[in-house]
Every structure is written in C-alpha cells, then in structure tokens.
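Residue numbers (the working numbering): 195 to 763. This report concerns only the one structure given below.
This is the structure in structure tokens:
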C-alpha cells in the first residue's frame, strides 16, 4: 500500500465517531513516527495525545501522561475535573484517567509509540490492558506504532491479545521515492544527480540512511562547481559519496568490512569463506556502474573499490565528519584530467572503428602521439591508461605497424619500469599481475630490485612492519622484508608497542604461510614468545603464554612452525 493510500485509509477510519484500535507496523528507521505526526495534521476535527513508551517505567506514569495531555487539549475537561483532583497528591495522579468520563475523550485519539523499547520493568499486557480500557470504557480511538520484528519476548503477548484488541493492522513500508520526498528539501547540493534511482535500485527506504546520504552530499558541495561540466566524473564521485554514506549509516567498522572484502578474494574451494549476510548486504550497496566492465573481477571489485584514493578520503570523512577540502579537490582534479585524456583516446578509438575515412596509418600516428605525450602510466584508477590497458595499446600499435615494434616496446618498457618503481604496492592494484611481468623478461628482475630497495626503507619501524603484515592478510602478498627482521627487534616491538603485538597475533591467527620468508618470520616470532613466556616478569610471561596457547589451538602447521628450531634460529 502506498503512503498516499494509507493516509486515505486512516482518515476514513479515524474520522468516524466509533472507537477503534489501529496498529501501524514497520521496520526501524522507515519513518513511522514522522509519518504519523505529519498525518495527524489533517485530522482537523480530532485532538491527538502522543505517548512514547520509551523511558516510561510504570503504567501509572503512562496514565498520568495521557491524563495531562487530555485535560490540556480539553479545557472544559480541566475545569470539570479540577474540583476532583485539587486534593489529590501527586503520587496518586496516575488514577487521573479514571476521573475522566467518555465525554472527556470525545474526539481524542491516543497514539502509543515505541513498543519495542518498552522498559523491562513493565509488562506489555499492562499497556495493552490500558489500550483496551481506553477503547471499551472511554470510547477512545487508539493508534499503535510499532516494529513487530523487534518485540522479542513481547511478540507472543501481542499475538495473544491482538485478535480481540486490534481492529485494523497496517504495514508501513514506503517506497524509496516516498521516503526521499520527506527529506528532499534538505538536499542543497547535487540536486540533479539521480539519487532516487540509486535508492530504488538498492531498495533503501530508511529515512535515517537517506538523511546520512543527504548530509554527506551537502558536506561535499565544495566540489560541485568543479565537476558540473564533467558528467562522467560527477557520476563516479557523487556515486561514491552516496555509496559510502549509505554503508556508513549501517556499520560501525569500515575496517572489518574491508577485511571481509579482502577475505572473499582469497577464499577458494578448499577454504571457503563463510558468508556474512550483514557484510554481503553492505557490499551490495557498491554499484558497478561507472563505464567499466567488471565481469572478470569476481569478488575483487568491491575490495579494489574500498582501497581507492577517493573512498579512503570518504572513510576519513565518515569517521570525523570533517572534509579535507584541498586533498579531496586534488583527487577530483586528477580524475577530471584522466577523463579529459580518456575522451581524447575514446575519440581516436571510435574514429578507428567507425569512420570509414579515418586511415589506419593516421590512427597509429594519433595513438602513438597520445601515449608519448603522457610518457608515463597515468594512474592505476584510470580506466584508459592503467597498466593493463597501456599494454593493450602497445600491442595494438605493434600489430598495425610492425616496422616500429622495437620503438614501441622500448617506450613501453620504460613506462612500465617507472610505474613499478613509483608504486611500491603496484602488485595489489593489478588484476592480471603476470600479464604485466610477461611483457618483457627485464620487468621481473627489475621488480625484484625495486622490492629490495623498498625493503631497506620499510623495516625501520613497527608501523611499517604492521603494514607488511596487513598486506599478507589482505592481499596474500608475501614480503621478503619480514624474514629480515631480527628476533631482538621483534622482542622490543612486542614489549613496547601494544598495536604491534595485537597485529602480530592477528597475523599469526589469520594468515597462510606458504613461503620460506613467511615461515622464517613466524618462527622468529615463536622463538621470541617462548622466551618471553619464561620471563621473570610475571606480566610478560602471562601474556606470552596466553598467545602461545591460543596459537596452539589454531591447529594446522602453526605449532610446528613456532617450534621449528631450524627456522627460528
């Protein structure tokens, strides 16, 4: 039933003189209370008393609340009853309803809200008894607003009484556009973006979630003028803002969500990840609709998306509610530049495919000049000039102009080396890692040289070591640098850095050790933990033993690795 139809139905029922009990049932956050307060304004011939059960500890306090609201709405009732209650002390005001007769409740509707938040000090049947009293003895209509799914133990009580008590049951489940209409006036930025389309696609009708999305869009209004003339960038960036805001409204930990997304990639038939419905639902809010083809990505797209530069900045915003305008604008400018380059490339490609007057030789010249102008691989996030597409361009040039193959190849090799050198984490950003390394035998060796160089700059702090361990957990990336860390260094990190100790434990519990370098690092950790478990410092010994016991319960090869003398030496 649409919101419009529900309003019409309620109006027909509640404007009659007969007393009825109506229930409006709906999920958390869909705007039931807001709907009611908006709807009651059209009940011009009725007066409404509203009672939230949240915070009420006794049935007497509810009776008092209703009594005070009724007499304030019925001046005559106050004058009529004043002489009855002037000598009644406050502790007894809870009996006030009994002092009011049917006439006092004429044209009064009492609305009870927040049944699912009823205090444990009060039983639901007491409230239902009061509702029955209002209906039967006071000829008063009652509206119940509730979320039956969250009643828990009280669900059985409601089911027992509802047949005799409730005359009409309605479900409040607005369509996304109806929920958006409630908050539309609060949206001050990106009004032309099809937010309704996104909400409809993902079946979002929760006004709290929609409100968070609108707040985020308004907070990023400072980029609206920069991207308004670049529709492709607008679609991507505004889409990202909406997606992250929608996720943020429904989770307390982006880190846990990101870890889950990474585990989805690493799980295989022999080690199937148990699906978490909550996280799967959140990841489904990420749209794959920015002009790319992701069929081959499988589960990796969501993990890749969550690591992108712009999403990282959006995570920071969600955690602090502050926007780093300058750094965000820098990312936006990069995307605008990439889009401009993509438009040029797309024009060249479309002419090559569809313009019968566009000669093959001219296409080769145009594409080659385009690549030479850039002289680098622009960006891992740029769809037109990331490593994979760059290699495909070079192959196309080689195929169409064999006599200049060597020149094309040497140029590409220089660009690919530059990309590897300037992007230490490039391996986790590439879908087809081997395709890049196979382009030329030199690349594999060059990558190893860069890795060694980076390692020398990597193992000089616990923070960087924690980053390497996270890389293993999240991306399955084995790093030789870990095996170079001496046991004495590990010991000092464990003793002086609680974050390192915790992440080391997570690393040992979560990772698979298939390379000799990782096995060596694990063995070194095991050696240090065993040493600490025998420490004269009882706190050190206690904590080291606790970790060793937990690792022993992990099973598999862990205990063997920790006790492997040849590895841990």
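Just so you know, even glycine gets a beta-carbon here, dropped at the ideal spot from N, CA and C.
In the same chain as residue 354, and ignoring 5 residues on each side of it, no C-beta atom comes closer than 7 Å to its own.
In this structure, the CA atom of residue 325 is about 13 Å from the CA atom of residue 309. In the structure shown, residue 338 falls within a strand segment according to DSSP collapsed to helix, strand and coil.
Shown here, residue 552 sits in coil according to DSSP, grouped into three states, outside any helix or strand. Between residue 201 and residue 233, the C-beta gap is smaller than 7 Å, which places the two residues in contact. If you look at residue 307, you'll find it isn't in any alpha helix (DSSP H); it sits in the beta strand (DSSP E) that goes 302-307. Looking at the backbone, the Cα of residue 715 and that of residue 678 are separated by about 8 Å. Per the DSSP secondary-structure output, residue 218 pairs in a beta bridge with 339 and 364. By the Cβ criterion, the stretch 398-418 is not in contact with the stretch 447-457, since fewer than three pairs of Cβ atoms, one from each stretch, lie closer than 8 Å. Non-local beta-carbon contacts of residue 424 in its own chain, meaning distances under 6 Å to residues more than five positions away in sequence, involve 530 and 533 in chain order. Rounded to the nearest angstrom, the Cβ distance from residue 364 to residue 218 is 5 Å, consistent with a contact under 8 Å.
Around the beta carbon of residue 587, 16 or more other beta carbons lie within 10 angstroms, which makes this residue buried.
Beta-bridge partners of residue 246 (DSSP): 307.
In this structure residue 646 is exposed. Its beta-carbon is surrounded by fewer than 16 other beta-carbon atoms within 10 angstroms. Residue burial annotation: residue 692 is exposed, with fewer than 16 other C-beta atoms found within 10 angstroms of its C-beta. For the 7 Å CB-CB criterion, residue 722 and residue 681 form a contact. Secondary structure of residue 241 (DSSP, three-state): strand.
A residue is called buried once 16 or more other Cβ atoms fall within 10 Å of its Cβ, and residue 387 is buried on that count. Only exposed fits residue 385, as fewer than 16 other CB atoms lie within 10 angstroms of its CB. Scanning 711, 732, 703 and 730 for the CA closest to the CA of residue 743 turns up 703. Restricted to the stretch 358-424, the beta strand (DSSP E) segments that are unbroken, complete and at least 3 residues in length are 362-365, listed in chain order. When only Cα atoms are considered, residue 408 and residue 522 end up about 18 Å apart.
Taking the Cα positions, residue 709 is about 35 Å away from residue 510. Boundaries of the alpha helix (DSSP H) harbouring residue 253: 253-267, taken from the DSSP string.
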